[in-house]
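Enquirer: Questions regarding the structure given below will be posed in turn.
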Amino acid sequence: MTVPRPVIEVRDVHKSFDEVEAVKGLSFSVNPGQVLGLLGPNGAGKTTTIRMLTTLTGIGAGTATVGGFDVQSQPDEVRQLIGLAGQSAAVDEKLTARENLELFGRLYKIPRTERRARVDSLIAQFDLGEFADRPASTYSGGQRRRLDVVAALIAEPPAVFLDEPTTGLDPRSRTELWDTVRSLADDGTAIVLSTQYLEEVDRLADEILVIDRGQAVAQGSPTDLKAQLESDVLEVHVRDDSDIEIARDMVSSLDEVIVDAEARQIDIRVSTAVERPLDLLRRLEDGGVGISHFQLRQPTLDDVFLSLTGSPPAEDEETNE
Amino acid sequence: MTIQTELPGPAQIVTNPDIITRIRRAALDTGTVLWRDMIRTMRQPDQLAFAVVMGVFFLVLFNYVFGGAIGAGTGIDYLQYLLPGVLVITALQGAQQTSLGLAADFTEGVNDRFHSLPMSQSAVINGRTIADAVRNAVGLILVAVLGIIMGFRFASLGGAISALALSIGIGYGFSWLGAAIAAKVRQPEMVGMLSMFWLFPLMLASTAFAPAETMPGWLQPFVRYQPISAASDAVRGLANGVPVGSDILLSLVWVVVLLAIFVPVSVRLYMKVD
């Protein structure tokens, strides 16, 4: 058995915009058929990372290669090997889906006969038929995003970058897109996918890189990461402001707690054993905290971040330079 | 040179292409972008309408409002004077649309995809300026037809064709100035404002609407030699059957100067990444 050579290799890349360091030393590699999930909140540096790897912005420091070609010094070669979709790239609004695919296929220099066949098969495969001959400006969000992703596939590139491809999509379109990404990886494509959704990387990624403020805070398979997070969150809503103060004192000794005084809400990470949440609730009530309602739920991205970084994710806007 | 890849996807990729391959690929890409921009042009007839409306506006306004005064003051047939100037001004409106169109590509994000594709980056501007020149040709013919209806007479068919061709040429030169502005600021609103800065002074302090002699003495050297005056005078000579070699030469020099400066500048600005 041969060890696959990674399609994408990133070593300690950095990027600054006007003194602000957007990406501070990320490293990862993606093999053929693998999906790497870049998970992080807005402003974490996901878009900047993808823009660096797709030659849209220069690499500040460190190296990155695609198919063995250096992204910084051999962009013309790298561009022949990549497809890009999502926030960073758009389709032409005035053109139909078929015309957009034809346009990008021509620019990838795919020979005419092959190109026509490829456009037709992509339209059939990804169900673009019903709107393929209408201008993209008339599409729904889901239709446009689908075209956007398909446009990245026209040349069957070995490396595909998807920058938050499902942000703003309805659940059905999201599931369809997940199927697309999965089948693409099954065909041997190396994929980098950025997202804010834990569920998405859980479903799709072979390897997850959790980033916050430009830094990797965790890296591993979904199973590894979930093992680190194998506990639910007890969300307790209390009656009034005095209750929140009493509760704050009582839970302050616990490890992972977010107290939101304004919302009168407390999130406590608990082990999955049922006794613990009940125990906690009982102690709160015995301590005189008026509980209005509570729920036990799966950890969200916020909880992951709290667990990994000790603070909720940064809320600043993505550096879209 | 091409390399066989072990990767799935494209069977071979081009590395270190020689100059012939590069030119061939750039020409291919320019053709592709031109095809795209022509589709866009046909789906946005309002752009053509806007360019023509400005021409019609100037033609009608100046002819009927100022025509009497200028005609009486100078003893010339004002419509025969005015129309060639309006053709040049209409061509400049087209140049402004190069600016706006390219800026829109930046805001819509299409340019980001273009940047990520294995294509000649200069083809994006090349294709657009050619597409705008084609649209300009249609707009100029419409304005010329209106002029003829109003009573303008071209001296000959050859004169008409060469007058239109020279107008398109000067518009093409200014398209690259527009492209450079758009590639620099990348926002339609800013581009629209900046275009006014060069367009209005050049347009009004020119011989497009009135002879240089009617303007203050200190302004006359500028008025006589600036590109829009040169083009207006040259187009006027051609249209009226009295071509003046020096005017035509000066116009062509201006086109060459504009291209020599703004082709490299706009391509460099367009390709600039931060």
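Chains as they are written, first to last, in the numbering used here: chain A, 1 to 321; chain B, 322 to 595. All residues carry an ideal CB built from backbone N, CA and C; glycine is no exception. Bear in mind that the values here come from a model prediction, so they are computed numbers and not experimental data.
1) Considering only their Cβ atoms, is the gap separating valine 409(B) from glycine 494(B) smaller than 9 Å?
2) State the beta-bridge partners of phenylalanine 69(A) as determined by DSSP.
3) Residues in its own chain within less than 6 Å of aspartate 243(A) by CB, not counting five upstream and five downstream?
4) CB alanine 97(A) to CB aspartate 70(A), shorter than 9 Å?
5) Name the chain B residues whose beta carbon is nearer than 7 Å to that of arginine 213(A)?
6) What's the C-alpha gap between tyrosine 108(A) and serine 221(A)?
7) Measuring CA to CA, which of Gln442(B), Met471(B), Ser527(B) and Val381(B) is closest to glutamine 547(B)?
8) Is the region 441–455 of chain B in contact with the region 519–538 of chain B, if contact means three or more CB pairs nearer than 8 Å?
9) Where tyrosine 399(B) and leucine 571(B) are concerned, what is the direct C-alpha to C-alpha distance, given to the nearest angstrom?
10) Assuming isoleucine 246(A) contacts glycine 287(A) under a Cβ cut-off of 8 Å, what Cβ separation, rounded to an integer in Å, is found between them?
11) Pick helix, strand or coil for lysine 46(A), following the three-state DSSP scheme.
12) Got a sec: is the Cβ-Cβ distance from alanine 90(A) to anything in chain B below 9 Å?
13) Report the three-state DSSP secondary structure of serine 437(B) (helix, strand or coil).
14) For isoleucine 397(B), which of Phe371(B), Val459(B) and Ala531(B) has the nearest alpha-carbon?
15) For asparagine 320(A), which three-state DSSP category applies?
16) With a cut-off of 9 Å, does the C-beta of alanine 424(B) fall near any C-beta of chain A?
17) Could you give the first and the last residue of the continuous alpha helix (DSSP H) run that contains leucine 204(A)?
18) Whole angstroms are fine: how far does the CA of methionine 375(B) sit from the CA of alanine 89(A)?
19) If you measure from the beta carbon of alanine 151(A) to each beta carbon in chain B, is any gap under 9 Å?
20) Quick check: what's the CA-CA separation for glutamine 219(A) versus lysine 46(A)?
21) If you draw a straight line from the C-alpha of serine 73(A) to the C-alpha of leucine 355(B), how long is it?
22) Output, in sequence order along the chain, the residues in the region 428–444 of chain B whose CB is closer than 7 Å to any CB in chain A.
23) List the whole-angstrom C-beta distance separating arginine 434(B) from leucine 84(A), where the pair is believed to meet the contact cut-off of C-beta under 8 Å.
24) To which residues does DSSP link serine 194(A) through a beta bridge?
25) Would you kindly report the start and end of the unbroken beta strand (DSSP E) that includes glycine 25(A)?
26) Given arginine 589(B), which residues of its chain have a CB within under 7 Å of its CB, disregarding the five upstream and five downstream residues?
27) Is the beta carbon of alanine 190(A) sitting closer than 9 Å to the one on proline 32(A)?
28) Starting from alanine 218(A), follow its DSSP beta bridges and name the residues at the other end.
29) Bridge partners for glycine 86(A) per DSSP, in chain order?
30) Using DSSP with H/G/I as helix, E/B as strand and the rest coil, what is phenylalanine 495(B)?
Expert: According to the structure data:
1) When the beta-carbon positions are compared, glycine 494(B) and valine 409(B) stay at least 9 Å from each other.
2) Val66(A)
3) Val289 and Gly290
4) No, the pair does not count as a contact, with Cβ atoms beyond the cut-off.
5) In chain B, no part has a C-beta under 7 Å from the C-beta of arginine 213(A); the shortest such distance is about 20 Å.
6) Taking the straight line from one Cα to the other gives about 34 Å.
7) Ser527(B)
8) no
9) 24 Å
10) 6 Å
11) helix
12) yes
13) Residue state, collapsed to three classes: helix.
14) Ala531(B)
15) Only weak support is given to the placement of asparagine 320(A): the predicted model assigns it a pLDDT of 39, under 50, and the value that follows is read from those uncertain coordinates. Here asparagine 320(A) sits in coil by DSSP.
16) no
17) 198–204
18) 34 Å
19) yes
20) 14 Å
21) If you take the alpha carbons of serine 73(A) and leucine 355(B), they lie about 29 Å apart.
22) Glu429, Gly430, Val431, Asp433, Arg434, His436, Ser437, Leu438, Pro439 and Met440
23) 7 Å
24) Leu38(A) and Asp163(A)
25) 20–30
26) none
27) yes
28) Val210(A)
29) Asp163(A)
30) DSSP places phenylalanine 495(B) in the helix class (H, G or I) of the three-state scheme.
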